[in-house]
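Report on the structure given below.
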Ligand SMILES: [Zn+2]
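Numbering (this note's numbering), first residue to last: 567 to 698.
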């Protein structure tokens with residue numbers, strides 16, 4: 567197994583499930599969690615960890631706006647310190663993302679901020695209410 571393959575396997579098993587993996591040339595993008603919590607981008611020299619977030623365009627359309635938590639420069643190496651650093655970045659990204667979730671007052675589920683209708687209730691509860 568090459569070092570790159572070892573990193574691919576490490577990242578895939580350290581992200582929240584389900585994990586999706588997309589390759590585009592030298593760039594591999596991992597997306598972990600449903601709703602998405604963490605994004606990791608792996609290139610032949612760097613590993614960059616993002617907290618998933620959603621921004622809004624001027625016309626109120628949600629667009630992914632991940633926030634960068636940190637980068638580890640690996641360049642074909644894989645030391646215990648690098649492994650710890652990547653695991654810590656994934657943990658920090660996840661914690662930052664989950665800290666923004668809210669409990670819907672109606673269905674009592676934990677909801678990511680972009681799915682909340684207002685401070686109190688989620689969009690599906692708001693839609694159900696509007697349809698009544
Ligand atoms: Zn709800």
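Even glycine gets a Cβ: it sits at the ideal position worked out from N, Cα and C.
Taking residue 608 as the reference, which of 687, 577, 635, 683 has the closest Cα?
By 1-based counting over the chain shown, the position of residue 608 is 42. Of the listed residues, the one whose Cα sits closest to residue 608 is 577.
Which same chain residues, not among the five before or five after residue 641, have their C-beta less than 7 Å away from its C-beta?
Residue mapping note: residue 641 aligns to position 75 of the chain shown, counting from 1. Closer than 7 Å at the Cβ level, and outside the excluded window around residue 641, lie 611.
Give the straight-line distance between the Cα atoms of residue 618 and residue 655, rounded to the nearest whole angstrom.
Mapped onto the chain shown, residue 618 falls at position 52. Mapped onto the chain shown, residue 655 falls at position 89. Computed Cα separation, rounded: 13 Å.
Going by DSSP in three states, residue 682 sits in which element: helix, strand or coil?
Taking the first residue of the chain shown as position 1, residue 682 is located at position 116. Residue 682: strand per DSSP, three-state reduction.
Report the three-state DSSP secondary structure of residue 602 (helix, strand or coil).
Against the chain shown, residue 602 aligns to sequence position 36. Looking at residue 602 - three-state DSSP - the assignment turns out to be coil, as it is neither helix nor strand.
Any contact of the stretch 620-636 with the stretch 568-575, i.e. 3+ C-beta pairs under 8 Å?
Touching, no.
Pull up the DSSP beta-bridge partners for residue 633, would you.
Position 67 of the chain shown, counted from the first residue, corresponds to residue 633. The partner list for residue 633 (beta bridge, DSSP) reads 617.
Do the CB positions of residue 584 and residue 678 come within less than 7 Å of each other?
Here residue 584 corresponds to residue number 18 of the chain shown, with the count starting at 1. Here residue 678 corresponds to residue number 112 of the chain shown, with the count starting at 1. Cβ distance not < 7 Å, so residue 584 and residue 678 don't count as in contact.
State yes or no: is the C-beta of residue 653 within less than 7 Å of the C-beta of residue 580?
Here residue 653 refers to the residue found at position 87 of the chain shown. Here residue 580 refers to the residue found at position 14 of the chain shown. Contact flag set, yes.
DSSP on residue 673, reduced to helix/strand/coil?
Here residue 673 is taken as the residue at index 107 of the chain shown, counted from 1. Residue 673 falls in the coil class under three-state DSSP.
Here's the rule I'm using: 16 or more other beta-carbon atoms within 10 Å means buried, otherwise exposed. How should residue 605 be labelled?
By 1-based counting over the chain shown, the position of residue 605 is 39. Residue 605 is buried by the Cβ-count criterion.
Does the Cβ of residue 672 lie closer than 6 Å to at least one heavy atom of ligand 1?
Taking the first residue of the chain shown as 1, we reach residue 672 at position 106. Residue 672: yes, Cβ under 6 Å from ligand 1.
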